[in-house]
Structures are given as structure tokens and as C-alpha cells.
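From first to last, the protein sequence lines stand for chains D and Y.
Note that this note's numbering has the first sequence beginning at 1, numbered continuously upward.
Note that this note's numbering has the second sequence beginning at 114, numbered continuously upward.
Just so you know, even glycine gets a beta-carbon here, dropped at the ideal spot from N, CA and C.
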Amino acid sequence: DTGVSQNPRHKITKRGQNVTFRCDPISEHNRLYWYRQTLGQGPEFLTYFQNEAQLEKSRLLSDRFSAERPKGSFSTLEIQRTEQGDSAMYLCATSRSGEETQYFGPGTRLLVL
Amino acid sequence: GQSLEQPSEVTAVEGAIVQINCTYQTSGFYGLSWYQQHDGGAPTFLSYNALDGLEETGRFSSFLSRSDSYGYLLLQELQMKDSASYFCAVRDHRAGTALIFGKGTTLSVSS
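Written out as C-alpha cells, the structure reads:
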């Protein structure tokens with residue numbers, strides 16, 4: 001257990017529904033990242049926050065995806081109008097400024113039917 | 114663009130030594146990280162090399178050659194619990210400290 005928590009751990013939804021995932025970071029970590037991982041692949045970067053500011057979004061992140069980190073603590077990732085191709089593990093990672101180590105949460109496994 | 118290449122699978126027996134290689138292409142290189150991921154688990158940090166040479170942490174060591182854009186992870190005295198996927202990663206220069214991961218190497222350790 002790295003101290004990063006994610007909820008829910010599993011989500012099954014029907015195509016077209018909206019889903020929201022939450023990540024609670026290690027308290028003193030000001031950097032927060034969202035990644036997506038599919039079977040047999042490494043994690044792919046989606047978006048990055050430093051405190052409450054969203055500093056970077058991947059080109060992978062379509063308009064259906066939005067992320068927030070309103071008070072620089074927990075973060076949410078919302079997917080609107082889900083598609084079957086969104087089925088993946090969504091990982092949150094956090095780190096301190098100046099440190100390389102990223103601490104990953106257990107992930108939310110999404111299945112879109 | 115940025116890319117990393119590593120073997121897809123490696124097999125070994127308990128007690129053996131195994132080396133997992135990683136070659137990378139990136140602009141604005143900051144360093145090479147290694148992460149371990151067990152089936153169904155989250156990636157966990159193993160090591161980071163910013164400078165050339167070998168970094169040792171217990172049974173695991175990591176090496177970097179910046180001039181060759183190459184690194185490796187060395188696992189010694191293999192144990193069954195080392196069966197996992199191992200990812201090398203570099204910083205995505207467009208995204209601060211976010212990481213770009215290789216596709217991973219699945220290590221299977223048998224008795």
C-alpha cells in the first residue's frame with residue numbers, strides 16, 4: 001500500500017454512460033498524474049496536476065475526458081459517454097516536487113459493455 | 114517522438130541472475146526509471162538513474178549509459194516473488210515529470 005487510494009476499484013458500465021473516478025494522494029504530494037493501462041501495455045499518461053493547476057493533458061485525452069483537482073488534494077477523472085475502447089485500468093500516481101519517485105494507487109478497472 | 118524498447122518476456126529459475134534491457138529515444142532526457150508491477154497490482158518504483166553508471170539497491174541494480182541511450186535492470190538471486198512485469202520509463206518532456214513507459218517485460222521465475 002503506497003498511501004494513494006482510488007475509488008472505486010472496479011466499475012462496470014454500459015456504453016454511453018458517464019463515470020467518475022476519485023484519487024486521494026499522499027497528503028504532502030503536490031503532483032498528481034492520471035494514467036491509463038490496457039492489457040500487455042505500460043501505463044499511458046493522460047493528465048498532470050501540480051497542486052490544483054492542470055498543467056498538461058495528453059493528446060490521448062479526448063473531449064469526453066475531464067479531470068479536476070479542486071483544492072490541490074484529491075482528484076477526479078470523469079469520462080462522459082463511455083465507449084468500449086475506454087475499458088482499461090485507470091491509475092493515479094502522486095509525487096513530491098523535486099522527486100522522481102511516483103507512487104501509484106491500486107487503480108480503477110473500468111469495463112464498458 | 115519518445116519511445117522505449119524492452120524485451121517482452123524473460124524466463125529464469127530461482128537463484129539465477131537476469132538482466133532486462135531498455136533502449137530509449139527521447140528529447141530532453143532527464144533519467145531512466147524502473148517500475149515493477151505484479152499481476153493485478155499497481156506499478157511500484159524500483160530505481161532511477163540520472164547519471165551513467167550502476168545503482169545498487171539490494172538484489173536489484175540498474176545501469177545507465179546516456180551516450181548509448183541504454184539502460185538495464187539486473188535482478189540477482191531471483192525469487193518466485195520476482196515474477197512480475199518490469200517497465201522502464203523516461204520523463205515526457207512535454208508534461209513536466211509525467212512518465213512515458215515501455216511496454217514492459219514479463220519475468221517468469223520457476224523453481
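Cβ contact annotation for T101 (chain D) (same chain, cutoff 7 Å, sequence separation greater than five): S95, in chain order. Per DSSP, G166 (chain Y) is one residue of the beta strand (DSSP E) stretching across 166-170.
Within 7 Å of the CB of R31 (chain D), the CB atoms of chain Y belong to T210, in sequence order along the chain.
In chain order, F158, L212 make up the part of chain Y whose C-beta sits under 7 Å from the C-beta of Q102 (chain D).
V222 (chain Y) and G171 (chain Y) have their C-alpha atoms spaced approximately 18 Å apart. The beta carbons of Q189 (chain Y) and E127 (chain Y) sit about 12 Å from each other, so the pair does not count as a contact at 8 Å.
For H10 (chain D), DSSP records a beta bridge to D:R109. A direct Cα-to-Cα measurement between L145 (chain Y) and F214 (chain Y) gives close to 10 Å. Less than 7 Å separates the beta-carbon of T2 (chain D) from that of Y103 (chain D).
Secondary structure at G217 (chain Y): coil, using DSSP grouped into helix, strand and coil. Non-local beta-carbon contacts of E78 (chain D) in its own chain, meaning distances under 6 Å to residues more than five positions away in sequence, involve T20, S66 in chain order. Within the same chain, Cβ atoms closer than 7 Å to the Cβ of R64 (chain D) are found at I79, Q80, R81, the five residues on either side in sequence being excluded.
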